[in-house]
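Chains as they are written, first to last, in the numbering used here: chain P, 4 to 448; chain Z, 84 to 303.
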Amino acid sequence: MNETYYIAPARTRDWARVLNGALAALLAGVLAFAWAQTTRLTEANARLNAVVQKAFYETCELTEGVSVNFRKALVAGEPGQLQTLLNEIALQTQGALSNLALLPLGQETVSGTLKFINQAGDFATALSARLGNGGEVTAEDTAAMEQLSETAAAFSVRMGRLLDRYEKGEAVFDGPDATGEESLYPITGPAADYPALLYDGPFSDGRTNGEFKTLAGLAEIDEARARQALTAFVGQQAAEVTFTGESEIPVGCYEYTLRLGAYRLSAGVTKAGGEVLYMLCDSAAGEVVLSDAQAVDAARAFLLARGFGEMELSYSSRFEGILTANFAAVQDGVVLYPDLVKVQVSLADGTVVGLEAAGYLMNHVRREIALPKLTEADALARIGGALNPLGARLCVIPDNDAEALCYEVHATSGSDTFLAYIDAMTGVERRLMQVVESDGGAKVM
Amino acid sequence: MKARRGAALLAALALALLPVALAAVLEVGSRGDDVTAVQKKLIQWGYLKGTADGRYGENTRAAVSAFQRKNGLAADGRVGPATAKAMGVTLTGGSSVAASAAIISADHRLLSRLVYAEARGETYKGQVAVAAVVLNRVASASFPNTISGVIFQSGAFSCVSNGSINNTPDSSAIRAALDALNGWDPTGGCLYYYNPKGTDDAWIRTRTVKTVIGNHQFAV
């Protein structure tokens with residue numbers, strides 16, 4: 004009797020056999036799949052590993068090259084040779100930056116090194132440009148190059164050691180983020196004692212940022228006054244003006260949201276002086292009715308009514324029913340390019356829905372504009388031989404932290420249009436821009 | 084069977100919708116053969132000067148408006164079915180507009196994708212702010228010097244590690260990226276942002292917060 008419990012009937016045994024077969028096939032399939040996946044994962048890992056290794060090697064080689072080139076630059080006999088070396092350094096630092104950013108190191112771990120490499124390249128570019136304009140190498144330049152060379156060499160050696168450990172299979176990037184990064188920082192960070200670099204490039208330590216010259220000395224207002232200022236600025240239609248908080252962007256501001264007809268805006272008003280720093284429009288505008296010229300006129304009238312005075316349209320572009328017009332302040336006929344206000348106008352109904360006034364509020368003070376040493380004819384004669392000048396006017400352009408009085412020369416070459424900026428004091432060509440016309444408007448690149 | 088019928092139904096539906104999707108109205112920003120055809124007619128009849136370049140710009144718009152006024156059509160400067168018929172042009176749909184035309188450069192595209200992945204649920208201002216942080220990093224010495232360098236910096240953005248950066252951005256993200264490229268920065272130069280509820284990174288909390296926009300704290 005008991006046996007009936009142990010020996011299954013024939014039909015059940017058949018089922019069991021089928022089931023066993025199916026399970027075996029499934030297992031084989033799963034194993035094959037797992038094998039294929041493992042192979043693919045191994046291959047992907049190997050590819051990634053190769054990318055990391057390549058980035059490692061290139062970081063080491065390029066920073067070593069930066070160090071060597073700075074040492075050569077210190078003893079270079081003639082300015083042409085020195086400039087060649089400096090330009091090579093600028094290229095090497097760009098390569099080192101790209102590679103360093105690919106290594107699986109956290110942003111905090113590499114930020115000090117990125118800054119050092121950026122500054123080394125920036126310094127080389129600035130010095131090369133200065134030499135190109137007839138400048139000379141100063142004692143400070145020599146000291147900086149010695150320092151940069153030493154720091155780059157030390158960094159390259161430490162990266163080399165890290166690479167060695169990585170290649171021996173040590174999991175240098177693994178472990179909990181905090182400990183991993185702390186242990187790697189001394190290796191990847193630049194020497195702790197490398198001094199502040201003061202030169203005239205955009206990454207110089209001496210560069211001060213975020214000063215709002217126009218607001219200096221203005222009394223601080225409270226939130227209720229700021230709200231009034233915003234309402235007066237936006238116009239009668241402003242509704243649902245809601246205070247959303249305070250900010251330091253980087254000047255102290257009160258933040259708002261509001262409704263303006265069909266548009267929802269957000270805006271920031273400075274505590275000092277109650278100036279509108281920015282307005283942003285939440286939604287795209289409706290159907291395009293106005294022409295670009297009509298929208299620019301609306302923007303100009305808006306600025307005039309709000310006391311911005313005479314402003315020069317720099318360029319405009321159109322996107323999704325909104326026109327963005329870029330205006331620069333004008334003083335005694337000289338265009339002040341640092342003092343920019345960008346205005347956005349809805350092409351559906353001419354409403355001003357956006358504003359960006361940081362450039363204006365940072366820079367717009369009355370300038371002491373010196374008499375140019377060059378005449379307009381001098382400036383026209385200084386532009387490249389391939390350019391055909393159409394005219395020139397005086398302007399002030401930003402020059403890192405300082406400003407430069409220039410002739411803006413409007414010129415063409417074939418069907419291309421260019422703007423060349425010739426220093427009105429020294430005759431140096433400070434900048435060359437191409438004007439690119441597109442469906443969205445004109446752009447300078 | 085059922086599934087196959089469903090698929091067939093879907094295919095039929097897609098085919099039925101296709102002509103509607105393609106019969107786009109031509110307007111400023113449109114490009115392609117239909118625009119060229121319209122321009123040729125306008126040049127032939129003296130409404131437009133120059134050559135038919137297939138790019139619907141301000142001049143084409145003005146010419147279309149003039150044509151519409153002369154022919155008793157609503158002068159909206161756009162070529163819809165009525166205007167096309169009056170011109171004797173058949174719109175084939177061989178033109179592109181809107182989303183594809185809206186993105187103005189590779190950098191703009193990448194920045195839009197980042198904004199969409201990182202700040203989709205945020206207000207418009209919060210989206211511009213995220214794009215501005217990327218651009219502030221490009222301008223900072225402590226970060227790579229290109230938009231792609233900053234976005235793909237190892238460990239910088241979670242949307243790169245989890246792949247959500249590859250999603251297609253919506254028009255709000257595209258516009259927010261462009262406003263940031265045009266100089267709008269509601270963070271005033273911030274280099275970091277984080278969601279205080281969503282991070283246990285102690286380091287990021289040591290940074291000075293300058294403004295709070297939606298769920299994000301923006302810091303330097």
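For each residue, glycine too, the CB sits at the ideal point set by N, CA and C.
Within chain Z, partners of residue i - CB distance below 8 Å
i, result
"residue 114(P)", "225, 226"
"residue 269(P)", "206, 207, 208, 269"
"residue 421(P)", "Per Cβ cutoff of 8 Å: no residues; residue 421(P) is ~20 Å from chain Z at best."
Exposure label - residue i; buried when at least 16 CB within 10 Å
i, result
"residue 185(P)", "Here the model assigns residue 185(P) a pLDDT of 44, short of 50, so the residue's position is not dependable and the matter cannot be decided."
"residue 172(Z)", "buried"
"residue 42(P)", "exposed"
"residue 95(P)", "buried"
"residue 278(P)", "buried"
"residue 54(P)", "exposed"
"residue 418(P)", "exposed"
"residue 128(P)", "buried"
"residue 50(P)", "exposed"
"residue 172(P)", "exposed"
"residue 236(Z)", "buried"
"residue 29(P)", "exposed"
Reduced DSSP secondary structure (H/G/I, E/B, other) of residue i
i, result
"residue 121(Z)", "helix"
"residue 82(P)", "helix"
"residue 42(P)", "helix"
"residue 251(Z)", "coil"
"residue 271(P)", "strand"
"residue 421(P)", "strand"
"residue 285(P)", "coil"
"residue 398(P)", "strand"
"residue 438(P)", "strand"
"residue 273(Z)", "coil"
"residue 316(P)", "strand"
"residue 243(P)", "strand"
"residue 297(P)", "helix"
"residue 412(P)", "strand"
"residue 21(P)", "helix"
"residue 171(Z)", "coil"
"residue 59(P)", "helix"
"residue 325(P)", "strand"
"residue 268(Z)", "coil"
Euclidean distance between Cα positions of residue i and residue j
i, j, result
"residue 80(P)", "residue 154(P)", "24 Å"
"residue 120(Z)", "residue 349(P)", "30 Å"
"residue 91(Z)", "residue 220(Z)", "Any reading at residue 91(Z) needs caution, since the residue's pLDDT is 43, under 50, leaving its predicted position unreliable; the model's value is listed next. Cα-Cα distance, rounded: 50 Å."
"residue 178(Z)", "residue 111(Z)", "Any reading at residue 178(Z) is ruled out, since the residue's pLDDT is 43, under 50, leaving its predicted position unreliable."
"residue 428(P)", "residue 378(P)", "10 Å"
"residue 313(P)", "residue 398(P)", "14 Å"
"residue 104(Z)", "residue 254(Z)", "Note that residue 104(Z) scores a pLDDT of 34, beneath 50, so its modelled location is shaky; the value from the coordinates is reported in the next line. Cα to Cα, residue 104(Z) sits roughly 18 Å from residue 254(Z)."
"residue 146(Z)", "residue 288(P)", "24 Å"
"residue 140(P)", "residue 109(P)", "37 Å"
"residue 6(P)", "residue 32(P)", "A caution first: residue 6(P) carries a pLDDT of 49, below 50, which makes its placement in the model unreliable, though a value can still be read off. When rounded, the distance between both Cα atoms is 36 Å."
"residue 106(P)", "residue 89(P)", "26 Å"
"residue 236(P)", "residue 370(P)", "26 Å"
"residue 73(P)", "residue 151(P)", "7 Å"
"residue 241(P)", "residue 317(P)", "29 Å"
"residue 344(P)", "residue 158(Z)", "33 Å"
"residue 261(P)", "residue 222(P)", "25 Å"
"residue 130(P)", "residue 295(P)", "43 Å"
"residue 20(P)", "residue 34(P)", "21 Å"
Residues that residue i contacts on chain Z, provided the C-beta gap is smaller than 9 Å
i, result
"residue 121(P)", "223, 224, 225, 226, 227, 228"
"residue 88(P)", "Those within 9 Å of residue 88(P) in chain Z number zero; the least Cβ separation is about 21 Å."
"residue 234(P)", "The premise fails here: residue 234(P) is roughly 19 Å from chain Z at the closest Cβ pair, so nothing lies under 9 Å."
"residue 26(P)", "None at all; the shortest Cβ gap to chain Z is about 27 Å."
Partner residues on chain Z for residue i, Cβ-Cβ distance less than 7 Å
i, result
"residue 104(P)", "227, 232, 236, 237"
"residue 110(P)", "236, 238, 239"
Cross-chain neighbours of residue i in chain P, by beta carbon under 7 Å
i, result
"residue 258(Z)", "287, 322, 323"
"residue 286(Z)", "111"
"residue 262(Z)", "283"
Close Cβ partners of residue i (< 6 Å) along its chain, the five nearest in sequence each way excluded
i, result
"residue 444(P)", "319, 320, 321"
"residue 196(Z)", "248, 252"
Amino acids of chain P, ordered along the chain, whose beta-carbon sits closer than 8 Å to that of residue i
i, result
"residue 254(Z)", "287, 323"
"residue 272(Z)", "212, 213, 252, 253"
"residue 211(Z)", "283"
Partner residues on chain P for residue i, Cβ-Cβ distance less than 9 Å
i, result
"residue 293(Z)", "250, 251, 252, 253"
Contact set for residue i: own chain, Cβ-Cβ below 8 Å, skip 5 residues either direction
i, result
"residue 303(Z)", "272, 273, 274, 275, 290, 291, 293"
"residue 126(Z)", "132, 133, 134, 135"
Beta-carbon contacts of residue i that lie in its chain and below 7 Å, excluding the five residues immediately before and after
i, result
"residue 206(P)", "121, 122, 125"
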